[in-house]
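Heads up: the sequence shown begins at 1 in full-length UniProt numbering, then just goes up one per residue. Beta carbons are placed, not taken as given, at the ideal position from N, Cα and C, and that holds for glycine.
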Amino acid sequence: IIVFISEDDDTIHVCPAVKRWFLVTIEDRLKTLYDQNDLQSINTIIVGQKYAAPFKGAWFRAEIVSANMKKRSVRVSFCDYGNEAEIPLSDLRLLPEEFQDLEPLSFPIRLPKGAPAVEPGGRLKIRPLSFEDGWSWAVELRTSHQ
Numbered sequence: 001i002i003v004f005i006s007e008d009d010d011t012i013h014v015c016p017a018v019k020r021w022f023l024v025t026i027e028d029r030l031k032t033l034y035d036q037n038d039l040q041s042i043n044t045i046i047v048g049q050k051y052a053a054p055f056k057g058a059w060f061r062a063e064i065v066s067a068n069m070k071k072r073s074v075r076v077s078f079c080d081y082g083n084e085a086e087i088p089l090s091d092l093r094l095l096p097e098e099f100q101d102l103e104p105l106s107f108p109i110r111l112p113k114g115a116p117a118v119e120p121g122g123r124l125k126i127r128p129l130s131f132e133d134g135w136s137w138a139v140e141l142r143t144s145h146q
């Protein structure tokens, strides 16, 4: 699995390693469309709708969480990574139809009470132990500083 730890809070998302190639495909396609000026600007937004949004110079699938029309900005959740950011409304682009209905490629996990803290610059090691009740994994969790 691939682990994504939010820079803003203690949210952790994981993505099955077999989906990594698809993450790269989506990001490469959005970058190509943006570079060719083929990502369409938008006139109206809908909270809960998916769009293409930039983060640290790259383009990703993002869902609008909230909008602040006075500031002309939106708070988005990056569908495939789980992190959130506030961005100018003018930075949003129409998400190509081929990526609209895809489920998020990662999913959130919650650490149990008493789990070691994940610190900036640290590493998180997760080893799946067993599949529980047909929907969740019991895992062994270890943290270590780089």
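From residue i to residue j, what does the alpha carbon distance come to, in whole angstroms?
i, j, result
"E86", "I64", "10 Å"
"T32", "L39", "9 Å"
"I42", "R110", "35 Å"
"L129", "R142", "13 Å"
"P108", "G82", "7 Å"
"F4", "K70", "32 Å"
"H13", "S106", "6 Å"
"P96", "T11", "28 Å"
"N37", "A58", "14 Å"
"C15", "K113", "22 Å"
"L102", "V24", "14 Å"
"I126", "A138", "10 Å"
Is there at least one Cβ from chain C nearer than 8 Å to residue i's Cβ?
i, result
"T32", "Annotation note: the requested chain C is absent from the structure, which comprises a single protein chain."
Under 7 Å Cβ to Cβ from residue i, same chain only, skipping five residues before and after it: list those, please.
i, result
"S73", "E86, I87, P88, L89"
Nearest CA to the CA of residue i: which residue from the options?
i, options, result
"R20", "I2, E103, P54, K113", "I2"
"L30", "D133, R127, F99, S6", "F99"
"P104", "S6, D80, D133", "D80"
Grab me the residues of residue i's own chain with a C-beta within less than 6 Å of its C-beta, minus the 5 sequence neighbours each way, in chain order.
i, result
"A115", "L141"
Would you mind stating whether residue i and residue j have Cβ atoms separated by less than 8 Å?
i, j, result
"A62", "V76", "yes"
"F55", "F22", "no"
Short of 8 Å in beta carbon distance, which residues of its chain neighbour residue i, apart from the five on each side in sequence? Order them along the chain.
i, result
"I45", "Y51, I64, A67, V74, L89, L92"
"Q49", "E63, I64"
"E27", "A58, W59, F60"
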